Each structure stands twice: as structure tokens, then as C-alpha cells.
Amino acid sequence: MSVIKQIGPNWFTTVMGIGIVSALTYTSPISIPFQHVLGVVLFLILNVVFVAALCSWILRWVVHTKEALDDFRHPSRALFYGAFAMGINVVGNDYFLIGTHIFNTTSALLVSKIFWMSGAAASILTVIIVPYLLFVEHHVEPHQALATWLIPVVPPIVAAATGVNLIPTWHGHAAQFTMLALILAMFGVTCFLFIMVSGLVYSRLVYHKRLNGEAAPSLWVEIGPVGMSMALFGALPTQTVGLLAKYTPILHTVGLIFDVALWGIGVWWIIISSMHTILHLTTRGDGLPFHMGWWSYVFPIGSFTSGTYALAHLTSYPMFFIASLVQLAILWACFIIVLTRTTNGLVKGELIKWRADHSQNDHHKNYPGITKVS
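Counting in my numbering, the sequence shown runs from 1013 upward without gaps.
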């Protein structure tokens, strides 16, 4: 029970990371050795990790209700309910991309739809409740603004990007149009809030002391919604042919212009984030102490890679196919490092105290928080 007490929604970042690496490996636009085997293995691991995280999180609510409620009262911990919502949609998307190839297609598709609806509902709740708490309950200062503030507002775009593939699977134009309208509405919510939060983050970077080594990984969160937006608009022309056939050429043109522009934004932010990371690895920096926030090196990069995949399919130009392969290689490098460090931290009791002789962990290692930012 002491272990369960320590399992917060931040652990769903592992679900997000494993899930997106699994999907991107399996669906790589350039054929690579063992891509389907690796994708399936990670998909099976994803199911185990998701069930373990979900059961532990539910049990925590039952046995340690006060601690679970306290997460909402903390301006840093509350953010990670966005990871819970996104984790559900990532699992559902993997059932569509991979599960339909290894299980009964109809059953896997049904599971994917159930996960999508659950994830969409959780996303809508998260994007309402957490910002509201930030507005009326939490006490923060301007210098505490981090890109992690995006975590509870990104889930709607993740639900939109993962749901676009399901549009043709719904029967009837009315159902498909309802799905499309909901997807575009969720994109609008995240787009608006992404601009607002990014403005706060940019202001904090300009006017306050530089980010310390503990907070530096948070910068990578910015490229997550950029990549998911690219994935959404890159897939719309092909997934709405049966619904909006006469608009397909227009959607293709809009998607092309929009995605290339966003790709440029994403590359710029990757460079900025990389420079921050490298800075803290030099003598001028603070080092990069490991914590669960390191999963920011995985899912956001994976999101941007999924956007590049969509751009490659949309344009069929070699440039973006090569970029997809390079980004997948970088993603795998980050994934191996972060997964290894996470596993090592679990075994040693640094992330979760599971044995009496483990020293008490600082809670901020599991919840890299705004209260720790200099």
C-alpha cells in the first residue's frame, strides 16, 4: 500500500512514451529491419504497463483518497492528469494501428473506439478542470511558468489526432460528420490554449533567470501539440474522402501549407530545447538530474515525428521520408536512455520507495514542479 500511495497520474507518461514509440516503429514510412516485431513487442509491453498504472492509480483513489485529492490542490501534480487522458488515447491508437493486424480486426477496432471515447471524455474534463483550478485555487508566480503547463491542455489535440483515423470506421455521414466536428472543436481548444501558454513560457524565458537543469526537459513539451496538429491536418484529406470528397483537394492544399509551416516551428523549438539541454551538460550548466519529467524527451519528440510521417505521406517527397527516419532514430535513442534510467530508478527505489531500507525520496523527483524552478 505504501507503493500504491506513490503512484500518481504522472506515471502515465511512461504509457504515452512506450505507446508512441511502438506505433511509430510499426508504421515507419521507410522500411526498417524488424520494425513490425519491435512494434508488436512494445505494444504488448504497453498493455502491461497501462494495466499496471491504471490499476495502481484506481487503487490509490480507493485506499489513499486524501493523497489522490491532494494532487488537484498542487499546481504541479494536477498537470499530470493530462498524461492520464493522453495515455488512454495513445493506447487506443495503438490498437487501431497495430492491434488490428495481430488480433481480430473487428474486436481491435471496437477496443480502439472505446479507448478513444474514454480518452476524449477524459481530455475534455482535464482541459476544463485543471486550468480552472490554476485560475482560482493555485498560487503561482510569473517566473514559475513552464511548458509543463501544456500537459493538461494538450489532450484534446491528442484525441483529435488519434481520432481522425477512426472517422471512416463510423457508419453513416451523420456519425462521421459528428466525429469530424468534435475533432476540429478539440483542435480549436488546444490551439487557443497552446498559444496562450506558449506566450507565458516565452515571457518567462525572456524576463526571468534561465531554466535550471531540473526544469530544462520541460521545454520539449512544446513540440508535442505542434506534431499532433500536423498529424491531424495531414490525415484529414485521406480520412474524410467519403464525407467531404469535393473538398479533398482544398483540404490537401491547406494541410500541406499548414503542416510545412508547423514543421518549421517545431524544428526551431527543437533547436532551442536542444541548446538548453546541451548547456546544462557543460560546465556552465547545472547538470540534468533524472526525474520522471525526462519522459518529455520521448512523447513530444514522438508527436513531432508522427507529424513528419503525416507530411511525408501528404507530399510523397523524399525530404520528409528521410526526416521521418532521422527523427525515429533520435526518438529511439531518447527512449532507450529514459526507459533505462526509469527502470534503474525503480529498482534502486529512487522513484518509488518500495523497501524499508530505501531512503525517503524527494517528491519533486516524481513531480518535477514549478515550485522548484529558479
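Virtual Cβ for every residue (Gly too), placed ideally from N, Cα, C. Just so we're clear, the structure is a prediction, and the values are computed from it rather than from any experiment.
Looking at L1255, F1333, L1036 and T1026, the one whose alpha-carbon comes closest to that of T1174 is L1036.
In the three-state scheme derived from DSSP, where H, G and I count as helix and E and B as strand, E1149 is classed as coil. With fewer than three CB-CB distances shorter than 8 Å, the region 1169 to 1189 does not count as touching the region 1257 to 1275. A check of alpha carbon separations from I1044 across S1336, K1360 and R1367 identifies S1336 as the nearest.
Cβ-Cβ distances below 7 Å link L1109 to A1035, Y1038 and T1039 in the same chain, with the five nearest sequence neighbours on each side left out; the list follows chain order.
Residue environment analysis places E1362 among the buried positions, since at least 16 neighbouring C-beta atoms fall within 10 angstroms of its C-beta. Nearest in C-alpha terms to L1340, of all of G1029, T1327, F1096 and I1284, is G1029. DSSP places I1169 within a helical segment (H, G or I) once states are collapsed to three. A straight line joining the alpha-carbon of L1192 with that of I1348 spans about 36 Å. Here DSSP, grouped into helix, strand and coil, assigns Q1188 to helix. Under the criterion of beta carbons closer than 8 Å, F1024 and F1115 do not qualify as touching, at roughly 23 Å.
For A1065 against R1072, the beta-carbon gap comes to about 10 Å, at or over 8 Å, which does not count as contact. The continuous alpha helix (DSSP H) containing N1105 extends over residues Y1093 to D1106.
Distance between T1181 and L1248, taken at the CA atoms: about 14 Å. About 5 Å separates the CB atoms of V1176 and Q1251; that is less than 8 Å, so the two are in contact. Under the 10 Å beta carbon count, H1183 is surrounded by fewer than 16 other beta carbons and is classified as exposed. Apart from sequence neighbours up to five positions away, the residues of its chain that approach A1228 with a beta-carbon distance below 7 Å are H1288, T1289, H1292 and L1300, ordered along the chain. For K1078, the enclosing alpha helix (DSSP H) covers residues T1077 to R1085.
Here the alpha carbon of S1286 sits roughly 29 Å from the alpha carbon of H1086. At a Cβ-Cβ threshold of 8 Å, S1241 and L1274 count as neighbours.
Taking the C-beta atoms as reference points, V1238 is found nearer than 8 Å to F1316. S1315: member of the alpha helix (DSSP H) spanning F1311 to T1327, first to last residue. Using a Cβ distance threshold of 8 Å, G1236 and F1311 count as a contacting pair. Excluding residues up to 5 positions away in sequence, V1027 and V1103 lie with their Cβ nearer than 6 Å to the Cβ of F1062 in the same chain. The straight-line gap separating the alpha-carbon atoms of W1128 and M1098 is approximately 10 Å. Put simply, the backbone Cα of F1092 is about 22 Å away from that of A1197.
Beta-carbon to beta-carbon, V1213 and A1133 are separated by about 28 Å, too far to satisfy the 8 Å threshold. For the pair S1215 and G1297, the Cα-to-Cα distance works out to about 21 Å. Within 10 angstroms of the beta-carbon of Y1329 lie fewer than 16 other beta-carbons, which makes it exposed. As the crow flies, the alpha-carbon of K1360 is around 43 Å from that of D1271.
The straight-line gap separating the alpha-carbon atoms of I1282 and V1015 is approximately 36 Å.
In the structure shown, N1059 adopts helical secondary structure according to DSSP, grouped into three states.
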